[in-house]
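Those letters in the sequence shown? Residues 1 to 194, per UniProt numbering, in order.
Every residue, glycine too, gets a C-beta built ideally from N, C-alpha and C.
All values derive from a computational prediction rather than experimental measurement.
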Amino acid sequence: MTLAQVAVLLFLITDPFGNLPLLLTVLQRLGHAAYLRAVLRETAIAFVVLVVFAWKGDLLLGYLNVTQPSLNIAGGVILTIISLKMIFGGAQETFDDRYANDPLVVPIAIPAIAGPAALTTVMLLSKQQGIPFPTLFTALTLVFLANLTTFLLGRLLGEWLGPRGLTALERLMGLLLNLVAVDMTMAGIKRFFT
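What follows is the structure, given as structure tokens:
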């Protein structure tokens, strides 16, 4: 895979437009400066977590004796579930006042940005696809910047696109992600039987 392909895949999986309604809901009570700080912090935490999994995720898999086909199939199933929720709705949880005062890590950095699908994907790209770490790091950096830009402009985008526009964009990204998920699952099944 090329750098552009890896970056697009990770962009689809981290789904900044799909996460935007969640972000706006969770951070709605924050003032402008606090909102910007929270967005920067949460995006940076997600970036660090993804980089660590891209760099040393294979050690975790080796320790757990996880085979490549099972990782492919599990990753494909997770991506399928997430993509279907993106397409048909229900991808965002309803959050109560637990997160009203500037949430730390949960629910924005993890699992919204660096969720199971993203973590599994960076490990798959590193292990199965043999993507060199510098390429993966560069792709993650580009995706981090795209997420950060989307979230920094989040309130403006939310007003401009409106709820229907955000939903339409999330569904489109879900459809593209579903195609990747099916391909990942089929690759795992094929590897299992060969």
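*Once you ignore the five residues that flank P116 on each side, which residues in its own chain have a CB closer than 7 Å to its CB?*
As a working mapping, residue 116 is identified with position 116 in the sequence shown. Only I78 meet the Cβ criterion.
*State yes or no: is the C-beta of G18 within less than 8 Å of the C-beta of M184?*
As a working note, residue 18 is residue 18 in the sequence shown. As a working note, residue 184 is residue 184 in the sequence shown. No, the Cβ-Cβ distance between G18 and M184 is not below 8 Å.
*Per DSSP, what kind of secondary structure is T138 in: helix, strand or coil?*
Counting from one through the sequence shown, the residue named residue 138 turns up at place 138. T138: helix per DSSP, three-state reduction.
*Do you know offhand how far V26's Cα is from A4's?*
As a position in the sequence shown, residue 26 is number 26, starting the count at 1. As a position in the sequence shown, residue 4 is number 4, starting the count at 1. Roughly 31 Å separates the two Cα atoms.
*Within the same chain, show all residues whose beta-carbon is closer than 8 Å to that of V182, passing over the 5 residues directly before and after it, in chain order.*
For the purposes of this step, residue 182 is taken as residue 182 along the sequence shown, with counting starting at 1. Hits under 8 Å: G76, T80.
*asked:* Our contact map puts L142 next to A7 with C-beta atoms below 8 Å; I'd like the distance itself, whole angstroms only.
replied: Taking the first residue of the sequence shown as 1, we reach residue 142 at position 142. Taking the first residue of the sequence shown as 1, we reach residue 7 at position 7. Going by Cβ atoms, the distance from L142 to A7 rounds to 5 Å, so yes, they are a contact pair.
_At least 3 beta-carbon pairs within less than 8 Å: the segment 143-157 vs the segment 24-38_ = yes
*Quick one: grab the DSSP three-state call for G89.*
The residue given as residue 89 occupies position 89 in the sequence shown. It is coil, neither helix nor strand.
_Given this structure, state the Cα-to-Cα distance separating L61 from G130, to the nearest angstrom._
One-based indexing of the sequence shown puts residue 61 at position 61. One-based indexing of the sequence shown puts residue 130 at position 130. Computed Cα separation, rounded: 15 Å.
_Checking 8 Å against the spacing of the C-beta atoms, do F144 and T43 come in under that value?_
Residue numbering aside, residue 144 sits at position 144 when the sequence shown is read from its first letter. Residue numbering aside, residue 43 sits at position 43 when the sequence shown is read from its first letter. Their beta carbons are under 8 Å apart, which means F144 touches T43 by this criterion.
*asked:* Does the CB of M86 have a neighbour CB from chain B at under 8 Å?
replied: The structure shown contains no chain B; it is built from a single protein chain.
*Count the other CB atoms within 10 Å of the CB of E170; is the residue buried (16 or more) or exposed (fewer)?*
Indexing the sequence shown from 1 puts residue 170 at position 170. Result: buried.
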